[in-house]
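**Q** If you read the sequence shown in the working numbering, its first letter stands for residue 16, the second for the next number, and so on.
Note that CB positions come from ideal geometry on N, CA and C, so glycine has one too.
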Amino acid sequence: MSLNKINTRNIVLALVIVAMAAIRLLTLKYQVWSNFTPVGAIAIFGGVYFNDKWKAYLIILLTFFVSDVIINHSYTSQWSLWSSYTFWNCVCFSIIVFVGSQIKKLNFVSGLVILLVPVTTHWLIMDLPWINGASSLYPNSLLGYWEALVAAIPFERNMLLGDAVFGVILFGGFELAKSKYTVLRTNREIAL
Numbered sequence: 016m017s018l019n020k021i022n023t024r025n026i027v028l029a030l031v032i033v034a035m036a037a038i039r040l041l042t043l044k045y046q047v048w049s050n051f052t053p054v055g056a057i058a059i060f061g062g063v064y065f066n067d068k069w070k071a072y073l074i075i076l077l078t079f080f081v082s083d084v085i086i087n088h089s090y091t092s093q094w095s096l097w098s099s100y101t102f103w104n105c106v107c108f109s110i111i112v113f114v115g116s117q118i119k120k121l122n123f124v125s126g127l128v129i130l131l132v133p134v135t136t137h138w139l140i141m142d143l144p145w146i147n148g149a150s151s152l153y154p155n156s157l158l159g160y161w162e163a164l165v166a167a168i169p170f171e172r173n174m175l176l177g178d179a180v181f182g183v184i185l186f187g188g189f190e191l192a193k194s195k196y197t198v199l200r201t202n203r204e205i206a207l
């Protein structure tokens, strides 16, 4: 493959996403930091910045899949490629990537979307009663769903804080890098 065919922007985006996903693994030992991770920020970041949206889905879902395998091993001491949550995590993060892919310009409103969509999507989907099945702590009913949503607030609060902190790092860092390195800009941004 010639060097002309290598897209430096995509390589940098992929490396940033993998590096940020590694941070997710650092919070495993500290229960108080549960869900204070960059996952939501990573998903929406990939959706916003990858020009070829299929690459956003591929890199983000693959990165989360690998980190989930490692996380599941840390809890169970067994290697498992699939858990009861894998499919639903893929659904959540695919929705978040899709929302990110719809953002064309960064401004106050898109900033709110970037902050709120990941945590809201994760909260509303991952606490659905049928996802946890027989191991659910809550009844498989609307009341059980409500109880699960309320109980999840501390975890989702940490996710919101993590998305805010890591979102600023990801989006701010990449925008700063684009201002200094034209190779990270899209052809449309270079033309402006």
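Assign VAL198 to buried or exposed, taking buried as 16 or more other Cβ atoms, counted over all protein chains shown, within 10 Å of its Cβ.
**A** What you label residue 198 is simply residue 183 of the sequence shown in a count that begins at 1. By the 10 Å Cβ count, VAL198 comes out exposed.
**Q** Mind the definition here: the segment 21-34 touches the segment 158-169 only if three or more C-beta pairs lie below 8 Å; say whether that holds.
**A** No, they do not touch.
**Q** Counting only runs of 4+ residues fully inside the segment 25-112, write out the alpha helix (DSSP H) ranges in chain order.
**A** Listed in chain order, the complete alpha helix (DSSP H) runs (minimum 4 residues) inside the segment 25-112 are 54-64 and 68-91.
**Q** Are the CB atoms of LEU28 and TYR64 within a distance shorter than 8 Å?
**A** Residue mapping note: residue 64 aligns to position 49 of the sequence shown, counting from 1. Residue mapping note: residue 28 aligns to position 13 of the sequence shown, counting from 1. Yes; because the gap between Cβ atoms is below 8 Å, this pair is in contact.
**Q** Using only alpha-carbon positions, find the residue among VAL165, THR91, ALA58 and ASN50 that is nearest to VAL128.
**A** Residue 128 sits at position 113 when you count from the first residue of the sequence shown. VAL128 has its Cα closest to that of ALA58, out of VAL165, THR91, ALA58 and ASN50.
**Q** How big is the Cα-Cα spacing for ASP178 and GLY126?
**A** The residue you call residue 178 lines up with position 163 of the sequence shown. The residue you call residue 126 lines up with position 111 of the sequence shown. Each residue's Cα considered, the two are about 11 Å apart.
**Q** Output needed for LYS70: all residues of its chain with C-beta closer than 7 Å, excluding positions within five of it in sequence on either side, in chain order.
**A** Taking the sequence shown and counting its residues from 1, one reaches residue 70 at position 55. The residues are ASN25.
**Q** What is the rounded straight-line gap between the Cα of SER109 and the Cα of LYS195?
**A** Working through the sequence shown from its first residue, we reach residue 109 at position 94. Working through the sequence shown from its first residue, we reach residue 195 at position 180. Rounded to whole angstroms, SER109 to LYS195 spans 31 Å at the Cα level.
**Q** When you compare each of ILE118, VAL106 and PHE123 to ILE140 by their alpha carbons, which one comes out closest?
**A** In the sequence shown, residue 140 corresponds to position 125, counting from 1. When each option's Cα is compared against that of ILE140, the closest is VAL106.
**Q** By the 10 Å Cβ neighbour count, where 16 or more other Cβ atoms means buried, how is ASP11 classified, buried or exposed?
**A** The structure shown does not extend to residue 11, since the chain is modelled only from 16 through 207, so no value can be given for it.
**Q** In this structure, how does DSSP classify GLY187 when only helix, strand and coil are distinguished?
**A** Here residue 187 refers to the residue found at position 172 when the sequence shown is read from its first residue. Residue state, collapsed to three classes: helix.
**Q** What residue from ILE111, PHE80 and TYR90 has the CA that sits closest to LEU96's CA?
**A** In the sequence shown, the residue the question calls residue 96 occupies position 81. The option with the nearest alpha carbon to LEU96 is PHE80.
**Q** Excluding the 5 residues flanking CYS185 on each side, which residues of the same chain have their C-beta closer than 8 Å to its C-beta?
**A** By one-based count along the sequence shown, residue 185 stands at place 170. The question names Cys, but residue 185 is Leu in the sequence shown. Excluding residues within five positions, the ones whose Cβ falls inside 8 Å are VAL31, MET35, PRO53, ALA56, ILE57 and PHE60.
**Q** Does DSSP classify TYR196 as helix, strand or coil?
**A** Within the sequence shown, the letter at position 181 stands for residue 196. In the structure shown, TYR196 sits in coil (DSSP, three-state: anything other than H, G, I, E or B).
**Q** Just to confirm, is the Cβ distance from ASN173 to TRP48 under 8 Å?
**A** Translated into positions along the sequence shown, residue 173 becomes position 158. Translated into positions along the sequence shown, residue 48 becomes position 33. Contact: yes.
**Q** Would TRP145 and ALA167 be called neighbours here (beta carbons separated by less than 8 Å)?
**A** The residue labelled residue 145 in the question sits at position 130 within the sequence shown. The residue labelled residue 167 in the question sits at position 152 within the sequence shown. Not in contact: TRP145 and ALA167 (Cβ atoms no closer than 8 Å).
**Q** Under 6 Å Cβ to Cβ from SER82, same chain only, skipping five residues before and after it: list those, please.
**A** Taking the sequence shown and counting its residues from 1, one reaches residue 82 at position 67. Around SER82: ALA36 and ARG39.
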